[in-house]
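Residue numbers (the working numbering): 94 to 550.
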């Protein structure tokens, strides 16, 4: 730093290389140079001392807000009802807080900044319960207090957002612990909850807060505990299509798509403050990006704001020219749901590690009624492959007994074993896996039109 006039200081960096984004890379702040300058009233401490002090201070900061009064005890007993297991009790408290308390910063609530400004500030869990609205942190506070009233050891925790940076508990960057969740001790283990995030399933956190070191406050011995990472089957994309192929290559029929877990949370957040017409337009645009001739009708979009049920699209689709007609043959890509999706990684070189947000899985089934007079000419299925416990692709293809329908199934998952980060040295292997997936998804089969029998002379 260089001292300037009037008490200011300046610093300069030269020859800083340009930053170029790459697909599926870690947060930008993990890759490029940056500097944080901030004021603190803390004395310099070693990391262990710093976080121990922070954990004790946080416990004291929330002590009065988490006080359990008679109203909270009564509401807790009513919410739990006849539940007996720890999980069932916590589930009912979780559902109560999510259903009964409005999050004033949830965009789906439709509140203006002026309306929020007029609302009274909640000072404790009892205020939140009484008024029925609050911030996301207020909802967490009420859930923590109710869990305590139910006999659980409960804490408001501090963690970080791994979409912004990767927190390291050996560093002294406590400002990164700016995300709050709830930890409840069940048996010997801490379980983590986020009732304030409307679309995050019970027992999960936002993906940004999973697999993160989390500070659990305590009056004596605060500890760091890593939040669990939800496995691929918790965030699942299930797609079904029953279609009919015409002689001219037009594909038409009904489609149903379901999203769960983190996939559902993301798409619900994207849609919840849109009008029904806007939601339909978003769907149409996303399909037409893959298949430009697609026509969608009878669109239904279900559970957009339901915190528990899968987000569901269903519609009728018509795609002129989906299959290519050449003479007496039709060339068809059975993997309808991934048709037109480009390769994930196109560059042969890589500067930064490859990073995925969360594990996910896909389960597709497509049934296609073949045009009259056509039969399979070359209908081999693509080969399955596996990458240890990290990923697996399994296709299956066959025809019904009457030879009138083709059934193509496809399953895929990624992120098994919690592996989401790959060093630059592993880029060729990661690229090859997704190249193989893209090749398999674009697998083409041939249908041949039967030759009409010659007329007798």
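No residue lacks a Cβ here, since even glycine has one placed at the ideal position from N, Cα and C.
As the structure is a computational prediction, the values presented were derived from the model and not from experiment.
- Counting along the chain, residue 491 sits inside no alpha helix (DSSP H); it lies in the beta strand (DSSP E) bounded by residues 484-492.
- Here residue 315 is buried: its Cβ has 16 or more other Cβ atoms, across all protein chains shown, within 10 Å.
- Sequence-distant Cβ neighbours of residue 284 in its own chain, meaning closer than 6 angstroms and more than five residues away, are 277.
- Under DSSP, residue 283 forms a beta bridge with 278.
- Residue 137 and residue 146 have their C-alpha atoms some 12 angstroms from each other.
- Less than 8 angstroms divides the Cβ of residue 217 from the Cβ of residue 157.
- Annotation for residue 364: 372 and 397 place their beta carbon closer than 6 angstroms to its own, counting only its chain and skipping 5 residues before and after.
- Annotated three-state conformation of residue 347 is strand, per DSSP.
- Note that the C-beta distance between residue 537 and residue 469 is not below 8 angstroms.
- For residue 504, the enclosing beta strand (DSSP E) has its first and last residue at 498-507.
- A straight line joining the alpha-carbon of residue 199 with that of residue 268 spans about 24 angstroms.
- Within its own chain, the residues whose Cβ lies closer than 6 angstroms to the Cβ of residue 102, once the five positions on either side in sequence are excluded, are 94 and 96, listed in chain order.
- In its chain, beyond the 5 residues on either side, 466, 467 and 468 have a beta carbon closer than 8 angstroms to the beta carbon of residue 543.
- Relative to the Cα of residue 186, the nearest Cα in the group 272, 108 and 295 belongs to 295.
- DSSP, reduced to helix, strand and coil, places residue 393 within a strand of the structure shown.
- In the assembly as shown, residue 361 is a buried residue. Its beta-carbon has 16 or more other beta-carbons within 10 Å.
- If you check the CB distance, residue 252 and residue 169 do not come in under 8 angstroms.
- Within the same chain, Cβ atoms closer than 6 angstroms to the Cβ of residue 390 are found at 409, the five residues on either side in sequence being excluded.
- Cβ atoms of residue 303 and residue 451 come within 8 angstroms of each other, at about 7 angstroms.
- Distance from the CA of residue 341 to the CA of residue 476, rounded to the nearest whole angstrom, comes to 29 angstroms.
- Non-local C-beta neighbours of residue 384 in its own chain, meaning closer than 8 angstroms and more than five positions away in sequence, comprise 412, 415, 432 and 433, ordered along the chain.
- Distance from the CA of residue 113 to the CA of residue 181, rounded to the nearest whole angstrom, comes to 48 angstroms.
- Counting only residues of its own chain and dropping the five nearest sequence neighbours on each side, residue 422 has a CB closer than 6 angstroms to the CB of 539 and 541.
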